[in-house]
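Chemist: Residue numbers (the numbering used here): 873 to 1218.
Just dropping this structure here.
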């Protein structure tokens, strides 16, 4: 310090100089950080603009709002919602909510927006929307049911059961809902040991004989021997896809041979000798083909909602479209077995 500042030998001056240097460095670092943050923000904005959508709301905002526009736009929003164009349905709903003055129509629009959020997968937004509606209209049965479905999908089963109590207070039949949600809560409980879950799920089925798809999917995955012991009470036709795709190592041949329909299913699959006809057309046909030596046929499955008649490629406990509970009907279709074969490159 003496070599640099020959004429200033006061120690206080040196302290002030060091403090000043620290302040300058901190000041420069702060503003440099702001500059870098701003630069990143501008870069992000430029990136997001590449994915900017020009939905119907921008078009609507260019036109002056007229009350006569309301009903046509509501119908258009519902059409978008049913066709799966959820973004457009939400934009129309939010646009109308900004201009709507009729209280009844406001709640109708909020219900539409909330339902669209739910189908689009924005569950937290759907929950907030439904709760807002229920503050003014707590006996809205459809909104209560949709809110229960949202809680179910969020795996907040205790809250879903609270909604069931509200539905019960409206003199609705809720016993099946309570059993369903209680079973889902039991299976999803992270604090319960697997052995106790298996016992309680099995006890539930022995007592209620309900929701067998959920029960057997859980038991065959976690306690196969217990599931095979209970299979004598099951409706095999409703679980045929589960048994069809079950790995060979999970099979109990004694239980299979003791049940004619299971014997027919696994005879058709080729795990055991072909079975005699049981009055199940496609299964009997596959068994007959196996007897003739033809092994190029197999089954594929589709799932029909018995309530809304919509067909889906994957199984469900609650219909994705109409939200009906336990409405899936398993449909079988004969198809060619296209298993992967090894290809020699050389």
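Just so it is clear, CB atoms sit at the ideal spot from N, CA and C, and this is done for glycine as well.
Since residue 1088 and residue 1106 should fall inside the 8 Å C-beta cutoff, what is the C-beta to C-beta distance between them, to a whole number of angstroms?
Modeler: Residue mapping note: residue 1088 aligns to position 216 of the chain shown, counting from 1. Residue mapping note: residue 1106 aligns to position 234 of the chain shown, counting from 1. With 8 Å as the limit, residue 1088 and residue 1106 qualify as a contact, their Cβ atoms being about 6 Å apart.
Chemist: Ignoring anything shorter than 4 residues, give me the alpha helix (DSSP H) runs that lie fully in the stretch 932-973, in order along the chain.
Modeler: DSSP runs (the alpha helix (DSSP H)) wholly in the stretch 932-973: 942-955 and 958-971.
Chemist: If distances are taken between C-alpha atoms only, which option among 1048, 993 and 1008 comes closest to residue 1023?
Modeler: Translated into positions along the chain shown, residue 1023 becomes position 151. The option with the nearest alpha carbon to residue 1023 is 993.
Chemist: From residue 916 to residue 898, what distance separates their C-alpha atoms?
Modeler: The residue given as residue 916 occupies position 44 in the chain shown. The residue given as residue 898 occupies position 26 in the chain shown. Confidence in residue 916 is poor, its pLDDT being 41 and thus under 50, which makes the residue's placement unreliable; the coordinate value appears in the next sentence. Roughly 27 Å between the two C-alpha positions.
Chemist: Quick check: residue 1139 and residue 1146, are their CB atoms within less than 8 Å of each other?
Modeler: One-based indexing of the chain shown puts residue 1139 at position 267. One-based indexing of the chain shown puts residue 1146 at position 274. Cβ distance < 8 Å, so residue 1139 and residue 1146 count as in contact.
Chemist: Name the residue from 1028, 1013 and 1004 whose alpha carbon lies nearest to the alpha carbon of residue 1044.
Modeler: In the chain shown, the residue the question calls residue 1044 occupies position 172. Residue 1044 has its Cα closest to that of 1013, out of 1028, 1013 and 1004.
Chemist: With a CB to CB cut of under 6 Å and the five nearest residues on each side skipped, what residues in its chain are close to residue 1129?
Modeler: For the purposes of this step, residue 1129 is taken as the residue at position 257 of the chain shown. Same-chain partners within the cutoff: 1135.
Chemist: Within this structure, are the beta carbons of residue 1035 and residue 983 separated by less than 8 Å?
Modeler: Locating residue 1035 in the chain shown gives position 163, where the first residue counts as 1. Locating residue 983 in the chain shown gives position 111, where the first residue counts as 1. Their beta carbons are not under 8 Å apart, which means residue 1035 does not touch residue 983 by this criterion.
Chemist: State the CB to CB distance for the pair residue 1100 and residue 1127, rounded to an integer number of angstroms; the pair is presumed to be in contact (CB under 8 Å).
Modeler: Here residue 1100 refers to the residue found at position 228 when the chain shown is read from its first residue. Here residue 1127 refers to the residue found at position 255 when the chain shown is read from its first residue. The Cβ separation is near 4 Å, so the contact holds.
Chemist: Would a C-beta distance cut-off of 8 Å place residue 1046 and residue 1055 closer than the cut-off?
Modeler: As a working mapping, residue 1046 is identified with position 174 in the chain shown. As a working mapping, residue 1055 is identified with position 183 in the chain shown. Not in contact: residue 1046 and residue 1055 (Cβ atoms no closer than 8 Å).
Chemist: Quick check: the Cα distance between residue 1225 and residue 1113, rounded to an integer number of angstroms?
Modeler: Nothing about residue 1225 can be reported from this structure: the residues present for the chain run from 873 to 1218 only.
Chemist: Taking DSSP as the reference, what is the three-state secondary structure of residue 989?
Modeler: Here residue 989 corresponds to residue number 117 of the chain shown, with the count starting at 1. Of the three classes helix, strand and coil, the one that applies to residue 989 here is helix, per DSSP.
Chemist: For residue 961, is the classification buried or exposed, using 16 other Cβ atoms within 10 angstroms of its Cβ as the cut-off for buried?
Modeler: Within the chain shown, residue 961 is the residue found at index 89, counting from 1. Result: buried.
Chemist: Out of curiosity, what's the CA-to-CA distance linking residue 1179 and residue 1203?
Modeler: Working through the chain shown from its first residue, we reach residue 1179 at position 307. Working through the chain shown from its first residue, we reach residue 1203 at position 331. For residue 1179 and residue 1203, the distance between alpha carbons rounds to 15 Å.
Chemist: Could you check which residue in 1078, 1027 and 1083 has the C-alpha nearest to that of residue 1061?
Modeler: For the purposes of this step, residue 1061 is taken as residue 189 along the chain shown, with counting starting at 1. Selected option, being the one with the closest Cα: 1027.
Chemist: Hey, out of 1192, 1205, 949 and 1067, whose CA is closest to residue 1025's CA?
Modeler: Within the chain shown, residue 1025 is the residue found at index 153, counting from 1. It is 1192 whose Cα lies nearest to the Cα of residue 1025.
Chemist: Could you tell me the boundaries of the alpha helix (DSSP H) in which residue 1049 lies?
Modeler: Position 177 of the chain shown holds residue 1049. Its alpha helix (DSSP H) spans residues 1047-1060.
Chemist: Kindly list the residues whose CB is nearer than 8 Å to the CB of residue 1144, restricted to its own chain and excluding five residues on each side of it in sequence; keep chain order.
Modeler: Sequence index remark: in the chain shown, residue 1144 carries index 272 (1-based). Hits under 8 Å: 1125, 1128, 1129, 1135 and 1138.
Chemist: Under 8 Å between the Cβ atoms of residue 1053 and residue 1070?
Modeler: Walking along the chain shown from the start, residue 1053 turns up at place 181. Walking along the chain shown from the start, residue 1070 turns up at place 198. Not a contact, by the Cβ cut-off of 8 Å.
Chemist: With a threshold of 16 other CB atoms inside 10 Å of the CB of residue 1005, please say whether the residue is buried or exposed.
Modeler: Stepping through the chain shown from its first residue, residue 1005 is reached at position 133. Counting Cβ neighbours within 10 Å, residue 1005 comes out buried, since at least 16 surround it.
Chemist: Residues in the same chain with beta-carbon distance under 6 Å from residue 1162, minus the five sequence neighbours each way, listed in chain order, please.
Modeler: Stepping through the chain shown from its first residue, residue 1162 is reached at position 290. Once the five neighbours on either side are set aside, the close Cβ partners of residue 1162 are 1146.
Chemist: For residue 1166, which of helix, strand or coil comes out of DSSP?
Modeler: Taking the first residue of the chain shown as position 1, residue 1166 is located at position 294. Three-state DSSP puts residue 1166 in coil, outside helix and strand.
Chemist: Between 1205, 967 and 953, which lies nearest to residue 939 when the distance is taken from Cα to Cα?
Modeler: Sequence index remark: in the chain shown, residue 939 carries index 67 (1-based). The residue with the shortest Cα to Cα distance from residue 939 is 967.
Chemist: Considering only the alpha carbon of each residue, which of 1171, 1166 and 1190 lies closest to residue 1177?
Modeler: As a first step, residue 1177 must be located in the chain shown, where it is residue number 305. Answer by Cα proximity: 1190.
Chemist: Mind reading off the beta-carbon distance from residue 1205 to residue 1171? Whole number of angstroms is fine, and I expect it under 8 Å.
Modeler: Here residue 1205 refers to the residue found at position 333 of the chain shown. Here residue 1171 refers to the residue found at position 299 of the chain shown. Yes, they are in contact, since the Cβ atoms of residue 1205 and residue 1171 sit about 7 Å apart, within 8 Å.
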